Every structure is written in structure tokens, then in C-alpha cells.
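Residue numbers (the working numbering), protein chains in the order written: chain A, 32 to 650; chain E, 262 to 552.
Here the structure is laid out as C-alpha cells; the discussion comes afterwards.
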């Protein structure tokens, strides 16, 4: 076995890599990167889209050779062909999209595939496959077909397949980005277990919430390692992370913001629990410095965890009673593949009413029926049985269907993958032209839509393949906005974007909604996104509508748990602070609002006593 | 009532119905052998009587596999318009070109329909139906993985001739594995484009140009997606240590039983029995009478 202190498991020395651009030149992907991963270590590699993460992963597993420098896996260089089998044995890879990795058509055979390659004896293979499936919690699904599994199950299958040959190290390339929150939580627990069992783990991600579990964090920015250290050291970079396209986890961001306002506060914290402890500590310090123990009220009776009525901008919200109804569902059901042996019911007796100008979020896990509901709301599917009315039209009638399509703009996931014309302008104009507008009118629509998504109008003559991924997504969105429909239904518009781009996207959609007064239905599996964007949340679970209420009212820990979601940090922190007497609302999630409230609370305590306390505590 | 855009419902390939019927339990190699034999037979059988007997046998197979008749035939629906067009063209324009001296049944202008033409059309129609039933029966009773393992087994004798048997089997596995994935993807694309005003459900079956044009917004992105997936899959397989042409062990082994030998013998006997059937005269008489 490899000596712990001696040969590292993975070692990159002065590695350079480039990739070809469409115009024939080359761009730098990595520049003089040094990186060491030791046996049993958990290293998180973080960076925004385009920082060189994927190139790094391909270098590590020998799928790509460096232009300069060396990559050693257990001391063996990846540029020697004879080393590759050993390197593949040492490193198990898990990529982003499970569907692109599953080869076999039956679950258990997929796990066996890697073992067949290694020419394992059939008897031993049986035990290994069973063990791996048990570990992944997929033992009951072993005879099923991969496409019948949920997204989370498929990703677990990919991990089980990587685990079966017993590699020393597992590398995850954005492997959590495709699964829902509950699945993510379970996956992180599994990684912890594997780490304890002695596996080295490399997670590559742009989600800072995953890094707090790692032993070490490496930050990449445009091909260079810009930071390397323990999670707490990386979090301490604070605002600087933003410049690298990363986003602090909510509790860390709050702690840093509070520290900026009130220096006694210990920052940065990594988790909600740590932030609350830091708060308690700050309160205790104040109390002891003022010799007034009665004010140390961390144990004071919690206020009733009542939702707060949101203030300010939200008050202008249109009430459902006043505004005209845009979409109405009455006792809607839907069965997929009806009248075949594969029929399954996706929706059970769903009733829902959405009025003009509302911002509604539909949340639920994969398979909860939210995408079926979305298709009913936009008239693509017809309830059977049930009643649907969209802007007074009935999508079940052939005569009405064309008009329904004009009223509803439906944006599917990954709109950049749905572009089909050669030029940007043509693609955006497709919808308007199909609506029967003249070329001149369509051109005007294209101009307005491109303006809305902040793409320069001159780009309309650019071939689509020459755009970046982010630009393509905006073209896809412009294609839907150009329909100028009064109801917009958006399916996971931020999927696959890094945190900064996601935030931009949500803010932009919100501004568009307010400027045009349209109705927007956002489908998402992230509660934080729902809370940021929507006034109203509709929760789907196993085909049933189980919640429908104002965002500020329904986002309580008890309810969230009952939906089968883990409580998001912004809710947990908000509730924890309210229990400690801080007057703060957690909806919408806003770092500076919460930090103001916390700092304000600490200052009020301080203000009532000797002023010396403030100056004394700064260090 | 609108037919929903549900592509996965009409893709029969890879839609295996688990079960325990005799057909389900047969060794896939035996199944493939017998089915290949019968496909050949169905293609070469030239008389109405032969085709009719074959069709009845195949319907019996469907029952033997305990398969829902309606579902097996629903896969026919998308092909129906094309089938009708072909039949009409044959019927109207084959005319004298069959070269057979048979009585003219109908003569209008330059169109003349002969008895032999009608017989030919019926034979080809029955042939298409038979093949569809046969293929449905095979894919509905055999899992994709058994199918490819069976193929690998049947082709094994070709290995000394340097035929890359396990690679062919792997290619088939991947094709079957991705069929439902692409069906789902195409469905999603159709919906996305329909939402932008593309007309899929709207065009009538006879509006052929309109129908062809309307699939472009789906075909182009689907093609790009497929290429992207192929690239990712190749990378993932390489990272798992796959080397083309290298020896592999097999996780599942097939077991040939008495039942499979029996099935092969029965299949072979039927093959020759059907070949021996001569055209029954009453059939031609009946057709002549109809006109």
C-alpha cells in the first residue's frame, strides 16, 4: 500500500492545459496548477462555470494529458499508457448527468459492467454487485430499467457502479447539481460515510454548501488556484469569494455581515448551528461586560414562531380576489401512458386558481407531479378527468388550442438545448412568426425580447453555435418572452447555472414580471428560489397538491418537513434568531436584512449600558 | 379530443412487460433463432394461404406470451397512414408490371387492376402485420439485456472470423438503453416547441410536407443532444476502464434447457410445414367474386 506520508494519491505539478476555441485559437483552461490529494482526504474543488474545474477532473483521471507539467496518480504518471488500468482502478468517477454514464439496460448489470471490464470471476461479481446495491439503497431496484428510476436513484446507481470495483478515491464532478434537495442531503451523508470508511473524496462544485464537509478546499478562478485551505479559512475570504463567482452559504454570509456591523461577532461560521452559537456567545459577552445577567436572554422564552407579514414592497401585491383569474384548475387528474400496461397517475384531484399579476412557485421533488401540473397549466396536456380554463379558454377544445398557446409562454428546462435555427434572431422570431405576425412585427418583438434579457440586438445575426452557454440560455428565454404572453410558466430556469448567474436570472425575471404586470408561475425544487421569487407557494407531493399559501405564511420548519424537504438554512437561521428575540423575517431570504436585525439587536443591548463596551471589544 | 404529445407511449422498442409465460422463460438464444427463422419465412412466403397461417400462428404466440392484444397493435398506429398509401399505390399502379397473365378485375382509364395484383397486395399487407406482431412479441417478452446477450450468444460462432461480437452486443445494449432516453427527450422538445407555436398535433396525416417541416425544430436539437451524450458516454466509459476489444467476463450466464431445444425443433418443423402449403384456389376465386 502507498505510504501515507510518502506518495500522495493524486499530485499535479505545474500543470498547464488549453482548449481549442471555435475560431481556431486556443484558450487557457489551467495555468501552473499544483494540487495534492492524500489518501483518505476529502478535497473540495470550487470555482464558477468556466474556471477550469472540468479540465482539472479530466486531467486527474487521465482522460486528458497536460500541455506542460505532470499528473501523478499513486506515483504513476497519466501520460504512460501502461499506467492507465491502474489509474482507473484507483479513481472512480461520478459525472454530472447520470443518463450519460449508464451503459447497461438493467440496474444490476450496470453495476457489474465495471467488474466485467476488470475480468472479475462471476461468483465474486455477484457478491460485489449485491454489496454495492445495498450500500446505495437500490437493492430492491436491481432488476429495474435505469430510465424507470428517479434522478436521485440514477445518480446513486452511478455511484454504486463507481464503488463496486473498490477504488481508493472517488471524484464527483458537479454530481449533486442534478438532484433535488432531499436527495442531496442523503447523498452528502453517504459521502461522509464513505470518507469515514477511508475513501479519498474529491468533490468538484460551484455550490459552497458542499465545501464545509471537506478537509480542504481549493478555489479555482480562470484556470489558477487562488485559494487553498480549510473550509473556515476559505469562508473567511468573505466578499472576495463573490469576485471568484462563488456565493457564501447563507449562515456564513450573515455572520460576516453581522461582524462588519458589530465587531464582537465571531465570523465566519459555516452552519446555522455555528451562527446561532456565535450569536449566543456575542450576547453572553455583552452581558458579562455589562454585569447585567438579566439581559443575557439567550434562554428567554421563545416567541411564538409565527410567520411575519412581509413589509414594504410586498404590500402592493395584487390580492387574488381583486385581479381577474388567469388559470383555473378544477379537480384535475392526469394519467401518463393511459390505456397501456405502463399507465401511472401523475396528478390526483388538483384544484388551483392563479390571478393576474401573481408570482407563484410550484415546488416538489422529482416525480411529485409538478411538471405534469405545469403542462396542464399551460395547456400542453389536457386534464382527464377535470376542468382547466386558461384565460377563459378550454385547451381541450381544438378550436381554443391555438389561442391558448398565444396566452401562455412556457419555458422548459435547459432552453439553450431547444434552439434549432441557425441564427439568434431567427430562433427568437420563430414563435412570433408562428403567431402570424408580419416580419416587421416579429422583428420588433425580437428587439424587445433581446433587450429584456440584456442581449445586444446586434447579436441577432450571430450563428447560435458561436454563443456561450449563458448567452444561449438567454436566447432561449427571449424566444419565450417574444411571444408576449400574459402567463409565463418557467420550469427550473436557473438549473445548471452557477450561484451568481442564478441570482441574476431570478432578479431579472422578477423585474420583468413587475414591469410587464404578467403572471408568472415558477417551477423549482429549491425552496430558497421559491422564497426569493414568489408571493405564493404551491407544494406538490406524490401527485397531490398539499400546500397552497403565501410564501411568508407557509415557510415554517414544521410545514417544510411535512412536505418532505430539509429545512433550508435561511429558514432555520431566521427561526433560531426569532427564538432568541431578534425581530426578523426570513422571507424573502436576504443577508443584509437579517444581518441588520441581528446587529441591531446586539446594539440595543449594548446601547442601554456603558458605551465603553464597544471600543473595548474591537481587536 | 386532443391526443397528448406522449412519445414514450408509442415507442414499443425496449418496452418489456415482465412476466412468467413460456415465452418469457425461454432462453433468448432459442427465441432469437426461432424468431429469425420465422422472419425469413414470413418474407419468403408468397401465397395468401401461407401468410394467413403464419399470421394466425403469430397471434397465437401473442396469447402464449399473455400479452395485451390492443397494446401490441397500438404500435401499428403511427405506421398506418404510410401503410395505406403503399397499398393504394400498389393496387393502382402495379397493373401489368407483375408480368403474370391473370384476369383483369377492373379497368378505368390507364388503371387496370389484375387478380395477381390484389393477391400480391394482400400478401404484403399480411406480411407487414405478421412482422409487426412477431417483433412486438419478441421485444415485449424479452428484456433488452436478454436480447443483447442472446444476440451475443447467437453470433458467438462468428468470433473466429474476427467479427467483433461483444462490441456489436454492446452497441445494441447502448442503443436499447438510450431509446427511452431519446424518446423522453424528443417528447420534451416537442412540447417546448409546441409551446412556442410549432404544430405537431395539428397537421393532418395527409399534410405530408407540413408534417415533415414541423419536426425540424425537434430533429435538429435532438441530433445535437445525441452527439453530446455520445461524447459524454464515451468519456465515462473510458474513465471506468473500458478498452474496446479487450476481454470481459460476463455477469449473467444463459442457461439452455430442454424447453429451448424443443422450441427450436417446433420452430423448424413449422418452417417447413408452412413452406409446403400450396395456394388454396378458393382464395383467388373469392377475390375475383368480390369485384
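We put the beta carbon where it would ideally sit given N, CA and C, even for glycine.
Only a predicted model underlies this, so the values are computations on that prediction, with no experimental measurement involved.
So which residues on chain E does residue 409 of chain A lean against when the C-beta distance must stay under 7 Å? Residues of chain E passing the Cβ test: 456.
Whole angstroms is fine: what's the gap from residue 209 of chain A's alpha carbon to residue 449 of chain A's? So the alpha carbons of these two residues sit roughly 19 Å apart.
Mind pulling the chain E residues with CB within less than 9 Å of residue 116 of chain A? Correct list: 502, 504.
Can you pull the chain A residues whose beta carbon is under 8 Å from the beta carbon of residue 605 of chain E, in chain order? The displayed coordinates of chain E run from 262 to 552. Any statement about residue 605 of chain E would go beyond what the structure contains.
Between residue 270 of chain A and the rest of its own chain, which residues show a CB-CB distance below 8 Å, the 5 nearest in sequence each way excluded? The residues are 287.
Distance, Cα to Cα, residue 631 of chain A vs residue 482 of chain E? A straight line joining the alpha-carbon of residue 631 of chain A with that of residue 482 of chain E spans about 54 Å.
Nearest-angstrom Cβ-Cβ length linking residue 88 of chain A and residue 248 of chain A, presumed shorter than 8 Å: In this structure, residue 88 of chain A and residue 248 of chain A do not form a Cβ contact; the two beta carbons are roughly 16 Å apart against a cut-off of 8 Å.
Alpha carbon to alpha carbon, how far is residue 264 of chain A from residue 319 of chain A? Give it in angstroms, no decimals. Note on geometry: alpha-carbon atoms of residue 319 of chain A and residue 264 of chain A lie some 29 Å from one another.
Of the residues A:444, A:77, A:559, the one placed nearest residue 503 of chain A, counting alpha carbons only: Nearest C-alpha to residue 503 of chain A: A:444.
Cα separation between residue 397 of chain A and residue 597 of chain A? Here the alpha carbon of residue 397 of chain A sits roughly 15 Å from the alpha carbon of residue 597 of chain A.
N-terminal and C-terminal residue of the alpha helix (DSSP H) that residue 390 of chain E is part of: Residue 390 of chain E -> alpha helix (DSSP H) spans 376-402.
So, using beta-carbon positions, are residue 306 of chain A and residue 604 of chain A closer together than 8 Å? Yes. Within cutoff.
Nearest-angstrom Cα distance between residue 454 of chain E and residue 180 of chain A? Each residue's Cα considered, the two are about 26 Å apart.
Taking the alpha carbon of residue 533 of chain A as the reference point, which residue from A:550, A:170, A:561 has its own alpha carbon closest? When only C-alpha atoms are compared, the closest one is A:561.
Around the C-beta of residue 239 of chain A, are 16 or more other C-beta atoms found within 10 angstroms, so that it is buried, or is it exposed? Buried is the label assigned to residue 239 of chain A, since at least 16 other Cβ atoms lie within 10 Å of its Cβ.
Per the contact definition of three or more C-beta pairs closer than 8 Å, is the region 491-506 of chain E in contact with the region 451-468 of chain A? They do not touch, by the three-pair rule.
Exposed unless 16 or more other CB atoms sit within 10 angstroms - verdict on residue 50 of chain A: Classification for residue 50 of chain A: exposed.
Under 8 Å between C-beta atoms, does residue 450 of chain A make it to chain E? Cβ-Cβ to chain E under 8 Å: yes for residue 450 of chain A.
Take the Cβ of residue 620 of chain A as the centre, count every other Cβ of all protein chains shown within 10 Å, and call the residue buried at 16 or more, exposed below. When all chains shown are included, residue 620 of chain A counts as buried.
I need the DSSP call for residue 630 of chain A, collapsed to helix, strand or coil. Residue state, collapsed to three classes: helix.
Mind checking who residue 250 of chain A pairs with in its DSSP beta bridge? For residue 250 of chain A, the pairing in a beta bridge is given by DSSP as A:77, A:258.
DSSP three-state assignment for residue 124 of chain A, whether helix, strand or coil: Three-state result, residue 124 of chain A: strand.
Given that residue 481 of chain E touches chain A, what residues does it touch there, using C-beta distances under 7 Å? The contacting residues are 451.
Residues near residue 301 of chain A in its chain [Cβ-Cβ closer than 8 Å; skip 5 each side]: Exclusion of the five residues before and after residue 301 of chain A leaves 243, 262, 263, 266, 280, 282, 283 as the residues of its chain whose Cβ lies within less than 8 Å of its Cβ.
Measure the beta-carbon distance from residue 508 of chain A to residue 458 of chain A and round it to whole angstroms, keeping in mind my assumption that it falls under 8 Å. So it is not a contact: roughly 11 Å between Cβ atoms.
Beta-carbon spacing of residue 198 of chain A, residue 86 of chain A below 8 Å: For residue 198 of chain A and residue 86 of chain A, no; Cβs fall outside 8 Å.
On the criterion of 16 or more Cβ atoms from any shown chain inside 10 Å, does residue 152 of chain A qualify as buried, or is it exposed? Only exposed fits residue 152 of chain A, as fewer than 16 other CB atoms lie within 10 angstroms of its CB.
Between residue 72 of chain A and the rest of its own chain, which residues show a CB-CB distance below 6 Å, the 5 nearest in sequence each way excluded? Excluding positions up to five away in sequence, the list reads 231, 246.
Which of helix, strand or coil DSSP assigns to residue 66 of chain A: Note: residue 66 of chain A maps to strand in three-state DSSP.
Start-end ranges of the alpha helix (DSSP H) lying completely within the region 119-185 of chain A, minimum 4 residues: Here the runs fully enclosed are 138-148, 153-167.
By DSSP, does residue 42 of chain A sit in helix, in strand, or in coil? Here DSSP, grouped into helix, strand and coil, assigns residue 42 of chain A to strand.
Check distances from the C-beta atoms of the region 72-101 of chain A to those of chain E and list, in chain order, the residues that come in under 7 Å. Contact residues of the region 72-101 of chain A toward chain E are 92, 94 (C-beta to C-beta distance below 7 Å).
Could you tell me if residue 172 of chain A is buried or exposed, where buried requires 16 or more neighbouring beta carbons within 10 angstroms of its beta carbon? The residue is buried, with at least 16 neighbouring Cβ atoms inside 10 Å.
Residue 567 of chain A: contacting residues in chain E (beta-carbon distance under 7 Å): The contacting residues do not exist; residue 567 of chain A stays about 23 Å from chain E at best.
Proximity test, Cβ basis, 8 Å: residue 494 of chain A and chain E: No, no contact with chain E.
Where does residue 532 of chain E sit, in a helix, a strand or coil, going by DSSP? The answer is helix: DSSP assigns residue 532 of chain E an H, G or I state.
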